[in-house]
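Quick notes on the structure that follows.
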Amino acid sequence: MTDIPKGLKYSRDHEWVRSTGNGKVRVGLTAFAQRQLGDVVFVELPESGAALDAGEPVGTVESVKAVSEVYTPVSGTIAAVNESLNDSPELINEEPYDQGWIVDVTLSAPKQLDDLLTAAQYGDYIKAESDG
Numbered sequence: 015m016t017d018i019p020k021g022l023k024y025s026r027d028h029e030w031v032r033s034t035g036n037g038k039v040r041v042g043l044t045a046f047a048q049r050q051l052g053d054v055v056f057v058e059l060p061e062s063g064a065a066l067d068a069g070e071p072v073g074t075v076e077s078v079k080a081v082s083e084v085y086t087p088v089s090g091t092i093a094a095v096n097e098s099l100n101d102s103p104e105l106i107n108e109e110p111y112d113q114g115w116i117v118d119v120t121l122s123a124p125k126q127l128d129d130l131l132t133a134a135q136y137g138d139y140i141k142a143e144s145d146g
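In terms of my numbering, the sequence shown opens at residue 15 and continues consecutively.
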């Protein structure tokens, strides 16, 4: 699959994680997830400073098809939210790995990154899920 950037980590809930240095990561929805959702029309973002455990909902994404929760694949504190999504939720569809990011997280358990999937593993995962 060509739309799975290498160098990122991926969750089975279809979020990507990019290290931004200094113990922080950026989190967003994968291209696969946004295609499944369809056109995103609204995003509910968390509060900066909120502490979350891996697997907890970090917000919701509403599309023309459904409302879906977004889960944080890592534990930590919300360092920043992508305020651009308030006015332009379609960025998740148009640029899922760039301007469509959702939150920055200051990690409380950096070793959790080791539990996430590589690009190749994520590609195999979504292929198996699609074939299933």
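Ideal placement from N, C-alpha and C gives every residue a C-beta, glycine not left out.
The model shown is predicted, which means the values in this text are computed figures rather than measured ones.
Check	Outcome
First and last residue of the uninterrupted alpha helix (DSSP H) at Arg49	Ala45 to Leu51
Nearest candidate by alpha-carbon position, reference Val88, set Tyr111, Ala68, Ser98 and Val72	Ala68
Which of helix, strand or coil DSSP assigns to Ile92	strand
Strand pairing of Trp30, partner residues [DSSP]	Tyr24 and Gly42
Residue interval of the alpha helix (DSSP H) (run including Leu105)	Leu105 to Glu108
Reference Glu143, options Gly21, Arg26 and Lys20, closest by Cα	Arg26
At least three beta-carbon pairs within less than 8 Å, the segment 55-67 to the segment 125-145	no
Closest by C-alpha distance to Val84, when choosing among Lys141, Gly37 and Ile116	Ile116
Same chain, Cβ closer than 6 Å to Gln50, neighbours up to 5 away in sequence not counted	none
Which residues DSSP lists as bridging Val75, in chain order	Val57 and Ser82
Neighbour-count burial assignment, Val78, 16 or more Cβ in a 10 Å radius	exposed
Given Ala168 as reference, the closest of Glu97, Thr34 and Gly52 once Cα atoms are compared	In the structure as shown, the chain begins at 15 and stops at 146. Residue 168 is therefore absent and cannot be evaluated.
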